Amino acid sequence: MSLPAGATLLFEGDLSDRVVVVLAGTLRVFSTAANGREILVTVAGPGEILGEMSALDGQPHSASVNTVDPAEVVLVPAEEFRSVLRSNAGIATAVALRLTRELRRVVRQRVDLEAFDVPARLAQSLVDLAERLGAGGGEIELPVSQRELAGSCGASREAVTKALGTFRARGWVRTGRRSITVVDVDALRARSARAGDRSR
Numbered sequence: 011m012s013l014p015a016g017a018t019l020l021f022e023g024d025l026s027d028r029v030v031v032v033l034a035g036t037l038r039v040f041s042t043a044a045n046g047r048e049i050l051v052t053v054a055g056p057g058e059i060l061g062e063m064s065a066l067d068g069q070p071h072s073a074s075v076n077t078v079d080p081a082e083v084v085l086v087p088a089e090e091f092r093s094v095l096r097s098n099a100g101i102a103t104a105v106a107l108r109l110t111r112e113l114r115r116v117v118r119q120r121v122d123l124e125a126f127d128v129p130a131r132l133a134q135s136l137v138d139l140a141e142r143l144g145a146g147g148g149e150i151e152l153p154v155s156q157r158e159l160a161g162s163c164g165a166s167r168e169a170v171t172k173a174l175g176t177f178r179a180r181g182w183v184r185t186g187r188r189s190i191t192v193v194d195v196d197a198l199r200a201r202s203a204r205a206g207d208r209s210r
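Numbering of the sequence shown is given in our numbering, commencing with residue 11 and proceeding in unit increments.
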């Protein structure tokens with residue numbers, strides 16, 4: 011299925027009837043807080059599966075998903091997805107490993123929020139996004155705004171703007187209207203919340 015930029019595939023709070031397999035393009039995963047503020051959860055690219063948690067447990071989606079740019083996806087009915095997992099141990103294991111990685115990421119983010127300053131948390135968010143979307147070396151453009159970054163790393167927009175200014179002055183990033191380009195992911199990794207712990 012071909013989708014234009016801005017198309018919404020999954021809605022937070024809706025019951026699941028499909029799983030999204032991303033073939034091309036970038037998708038934004040976000041949740042809405044009680045005060046109405048949209049919080050960026052992550053971005054997803056080719057090869058990612060979205061909506062699988064709701065397909066597995068039958069609970070409403072915990073986040074919404076929309077396209078950042080034109081995308082190609084395959085929509086798999088939830089029952090068909092569950093049937094594939096029951097009949098194919100390899101695919102079931104791959105999905106379980108992906109869910110485990112996501113759980114670890116959420117736990118680490120919670121620890122980072124309490125233990126590290128804004129620049130360290132911001133650097134870690136940028137590294138996480140770059141690793142998720144980057145293919146090989148070179149510069150990586152992240153389709154996120156400063157407001158979305160602030161939400162994802164639990165900081166005010168002003169604090170994120172200040173930290174980005176420092177990163178930009180050091181040549182680690184470039185900023186655009188609704189994008190951040192990671193220029194030096196190694197420098198960001200060294201400044202990140204988990205610079206001293208690569209084992210977790």
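Note that CB positions come from ideal geometry on N, CA and C, so glycine has one too.
As the structure is a prediction and not an experimental result, all values here were calculated from the model.
**Residue-chain proximity (A200, chain B), Cβ-Cβ < 9 Å** = Among the chains in the structure shown there is no chain B, since it carries only a single protein chain.
Own chain residues within Cβ distance below 6 Å of R208, not counting five before or after: Along the sequence shown, read from residue 1 onward, the residue named residue 208 stands at position 198. Only weak support exists for where R208 lies, its pLDDT of 44 falling under 50; the value from the coordinates is given anyway. Result list for R208: empty, nothing under 6 Å.
query = In chain order, what residues of the same chain lie with their CB nearer than 7 Å to the CB of A15, ignoring the 5 residues before and after it?
reply = Mapped onto the sequence shown, residue 15 falls at position 5. T77, V78, D79 and P80, listed in sequence order.
Report, in whole angstroms, the separation of the C-beta atoms of S74 and F21, which I expect to be a contact under 8 Å.
What you label residue 74 is simply residue 64 of the sequence shown in a count that begins at 1. What you label residue 21 is simply residue 11 of the sequence shown in a count that begins at 1. Their Cβ separation, rounded to whole angstroms, is 5 Å, which keeps S74 and F21 in contact under 8 Å.
Give me the residue from M11, A104, G61 and G23 with the minimum Cα distance to A44. For this step, residue 44 is matched to residue 34 along the sequence shown. It is G23 whose Cα lies nearest to the Cα of A44.
Could you check which residue in A34, L95 and R118 has the C-alpha nearest to that of G57?
-> Position 47 of the sequence shown, counted from the first residue, corresponds to residue 57. Answer by Cα proximity: A34.
Using only the alpha-carbon positions, how far apart do R115 and R157 sit? One-based indexing of the sequence shown puts residue 115 at position 105. One-based indexing of the sequence shown puts residue 157 at position 147. Looking at the two C-alpha atoms, the distance is approximately 21 Å.
Problem - Alpha-carbon spacing of L50 relative to S41, whole angstroms - result: As a working mapping, residue 50 is identified with position 40 in the sequence shown. As a working mapping, residue 41 is identified with position 31 in the sequence shown. For L50 and S41, the distance between alpha carbons rounds to 7 Å.
Excluding the 5 residues flanking D194 on each side, which residues of the same chain have their C-beta closer than 7 Å to its C-beta? Residue 194 sits at position 184 when you count from the first residue of the sequence shown. Hits under 7 Å: G181 and W182.
Completely contained beta strand (DSSP E) runs for the stretch 119-194, where each covers 3 or more residues: Those beta strand (DSSP E) runs which fall completely within the stretch 119-194 and span 3+ residues are 150-152, 183-185 and 190-192.
- Task: Can you tell me which of the three DSSP states S74 falls into?
- Result: On the sequence shown, position 64 is the one that residue 74 refers to. Of the three classes helix, strand and coil, the one that applies to S74 here is strand, per DSSP.
Practice item. Determine the burial state of D27: buried for a count of at least 16 other Cβ atoms within 10 Å of its Cβ, exposed for fewer. Key: Translated into the one-based positions of the sequence shown, residue 27 becomes position 17. Burial call: exposed.
_Could you compute how far the alpha carbon of L13 sits from the alpha carbon of V84?_
Here residue 13 refers to the residue found at position 3 of the sequence shown. Here residue 84 refers to the residue found at position 74 of the sequence shown. For L13 and V84, the distance between alpha carbons rounds to 11 Å.
Do V192 and L159 have their beta-carbon atoms positioned less than 9 Å apart in this structure? Counted from its first residue, the sequence shown places residue 159 at position 149. Counted from its first residue, the sequence shown places residue 192 at position 182. No, these two residues do not count as a Cβ contact at 9 Å.
What residue does the alpha helix (DSSP H) around L227 start on, and which one ends it?
This structure cannot speak to residue 227, because the chain is shown only from 11 to 210.
* To do: For R210, count neighbouring C-beta atoms within 10 Å of its own C-beta (all shown protein chains included) and say buried if the count is 16 or more, exposed if not.
  => Working through the sequence shown from its first residue, we reach residue 210 at position 200. Legend: pLDDT at R210 = 38, less than 50; position of this residue unreliable, value from coordinates given subsequently. With fewer than 16 other Cβ atoms from the protein chains shown falling within 10 Å of its own Cβ, R210 counts as exposed.
(message) The beta strand (DSSP E) that contains V88, what's its start and end?
(response) In the sequence shown, residue 88 corresponds to position 78, counting from 1. Contrary to the premise, residue 88 reads as Ala rather than Val in this sequence. Annotation: A88 is outside any beta strand (DSSP E); the continuous alpha helix (DSSP H) that includes it extends over A88 to S97.
Quick one: what does DSSP say S202 is sitting in, helix, strand or coil? Translated into positions along the sequence shown, residue 202 becomes position 192. Coil at S202, not helix or strand.
Inset, instruction - With DSSP collapsed to three states, give me the class of R210. - result: For this step, residue 210 is matched to residue 200 along the sequence shown. Low confidence applies to R210: its pLDDT is 38, below 50, so where it sits in the model is not reliable, and the reading given next is rough at best. Looking at R210 - three-state DSSP - the assignment turns out to be coil, as it is neither helix nor strand.
Practice problem: From the DSSP output, in three-state form, read off A44 for me. | Solution: Numbered from 1 along the sequence shown, position 34 holds the residue referred to as residue 44. In this structure, A44 counts as coil in the three-state DSSP scheme.
*Reduced DSSP category for A54 - H, G, I as helix; E, B as strand; rest coil*: Taking the first residue of the sequence shown as 1, we reach residue 54 at position 44. Residue state, collapsed to three classes: strand.
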